[in-house]
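J.: Below you will find the structure I want to go over with you.
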Amino acid sequence: MSKKIRIATWNLAYPAEKGWKRNPIIQNQIDKIDAHIWILTETNRVIKPQNAAYHKATETDKRHAEGQTRTIIWSCYPITQSDAKTRYPNTAVCAEIATPFSNILVYGTIITWYGRKKPSEKNEHFKAIEWNAQDWADLRPDCVAGDFNETLSGPIEYGTKEGRKRLLAALDASNLTSITAQMDTYCIDHICLNKEWAERICDQGFWVAPTPLNSKNPVSDHKGFWVDLNFDA
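Residue numbers for the sequence shown follow the numbering used here, so the first one is 46 and each next one is one higher.
Following this line, the structure appears as structure tokens:
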């Protein structure tokens with residue numbers, strides 16, 4: 046039996062339930078990455094990673110089209126009957142997963158984007174950081190992943206200095222570190238691990254969303270990210 050676990054995240058930009066052009070390409074890319082645990086954001090329930098027999102999703106939002114869901118955690122390992130609840134269950138979800146090596150608490154989320162035009166949008170971004178930080182402090186997840194709408198390293202290409210400062214402080218306070226922020230690429234989607242699990246990383250990478258034939262637009266405007274953890278010792 047392999048002693049590695051692959052965790053991946055990707056924002057799918059809300060595919061339609063019957064998206065005949067985008068969905069097969071998205072599905073093929075997900076199956077190619079072949080992660081054991083997925084955190085998919087702006088997704089649709091018709092997109093299901095291969096071998097993922099278990100999932101936990103955010104609550105349905107009436108504003109979304111059929112099947113569209115903000116965040117889903119998919120796993121090839123059983124999800125236990127954990128009572129881990131988030132402050133905003135229509136945006137963030139938390140699941141305890143029974144891997145062969147230990148149980149892992151995974152938290153998937155979307156942090157509201159920082160709007161530059163309206164002060165209210167700016168405040169919503171900071172409020173989202175605050176309630177996510179409170180969830181992490183209370184739940185103590187081993188993994189937090191999803192769309193943060195903030196670059197956490199390098200130049201401020203998206204988001205704000207203040208948002209980055211608050212997010213990094215919140216992660217550190219909950220013993221979490223962003224693995225994706227250390228990659229040499231533009232990144233607003235992140236995989237964060239507790240510092241013990243971060244030491245088990247043996248490989249990591251990202252992919253650019255593919256583009257359908259005869260189209261100028263990729264299937265998503267987000268890159269996807271994965272990390273491999275080694276449990277040999």
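Here a beta-carbon is modelled for each residue, glycine too, at the ideal position from N, C-alpha and C.
Taking buried to mean at least 16 other C-beta atoms within 10 Å of its own C-beta, is V253 buried or exposed?
T.: For the purposes of this step, residue 253 is taken as the residue at position 208 of the sequence shown. Burial call: exposed.
J.: From A140, K93, A226 and D106, pick the residue whose C-alpha is nearest to that of D128; which is it?
T.: Against the sequence shown, residue 128 aligns to sequence position 83. D128 has its Cα closest to that of A140, out of A140, K93, A226 and D106.
J.: Taking 8 Å as the cut-off, decide whether the C-beta atoms of C237 and I224 are in contact.
T.: Along the sequence shown, read from residue 1 onward, the residue named residue 237 stands at position 192. Along the sequence shown, read from residue 1 onward, the residue named residue 224 stands at position 179. It is a contact, given that the beta carbons lie within the stated cut-off.
J.: What distance in whole Å lies between the Cβ atoms of T131 and N148, which are believed to be in contact at a cut-off of 8 Å?
T.: If you number the sequence shown from 1, residue 148 lands on position 103. If you number the sequence shown from 1, residue 131 lands on position 86. About 18 Å; that fails the 8 Å criterion.
J.: For R115, count the other beta carbons within 10 Å of its own beta carbon; 16 or more makes it buried, fewer makes it exposed. Which is it?
T.: Position 70 of the sequence shown, counting from 1, holds the residue named residue 115. The residue in question, R115, is buried, as its Cβ has 16 or more Cβ neighbours within 10 Å.
J.: Can at least three beta-carbon pairs, one atom from the segment 64 to 72 and one from the segment 98 to 107, be found at a separation below 8 Å?
T.: At 8 Å Cβ cutoff, the stretches do not touch.
J.: I'd like the span of the beta strand (DSSP E) that includes L238, first residue to last.
T.: Counted from its first residue, the sequence shown places residue 238 at position 193. First-last of the beta strand (DSSP E) with L238: D234 to N239.
J.: Could you tell me the distance, in whole angstroms, from the CA atom of D187 to the CA atom of R108?
T.: Residue numbering aside, residue 187 sits at position 142 when the sequence shown is read from its first letter. Residue numbering aside, residue 108 sits at position 63 when the sequence shown is read from its first letter. Straight-line Cα distance between these residues: approximately 31 Å.
J.: Could you check what DSSP says for N262 in three-state terms: helix, strand or coil?
T.: To locate residue 262, count along the sequence shown from 1; it is residue 217. Coil, per DSSP.
J.: Quick check: Y122 and T144, are their CB atoms within less than 8 Å of each other?
T.: The residue labelled residue 122 in the question sits at position 77 within the sequence shown. The residue labelled residue 144 in the question sits at position 99 within the sequence shown. The answer is yes: Cβ separation under 8 Å.
J.: What is the DSSP secondary structure of I246, counted as helix, strand or coil?
T.: Walking along the sequence shown from the start, residue 246 turns up at place 201. The answer is strand: DSSP assigns I246 an E or B state.
J.: By the three-class DSSP mapping on this structure, what secondary structure does A110 have?
T.: For this step, residue 110 is matched to residue 65 along the sequence shown. Here A110 sits in coil by DSSP.
J.: Please determine, among S120, W119 and Y133, the residue with the shortest C-alpha to C-alpha distance to T105.
T.: As a first step, residue 105 is located in the sequence shown; it is residue number 60 there, counting from the start. Answer by Cα proximity: Y133.
J.: Note the first and the last residue of the continuous alpha helix (DSSP H) segment covering K77.
T.: Locating residue 77 in the sequence shown gives position 32, counting from the first residue. Note, K77: alpha helix (DSSP H), N68 to I78.
J.: In the DSSP output, which residue or residues are listed as bridge partners for D273?
T.: The residue labelled residue 273 in the question sits at position 228 within the sequence shown. DSSP lists R51 and D248 as partners of D273.
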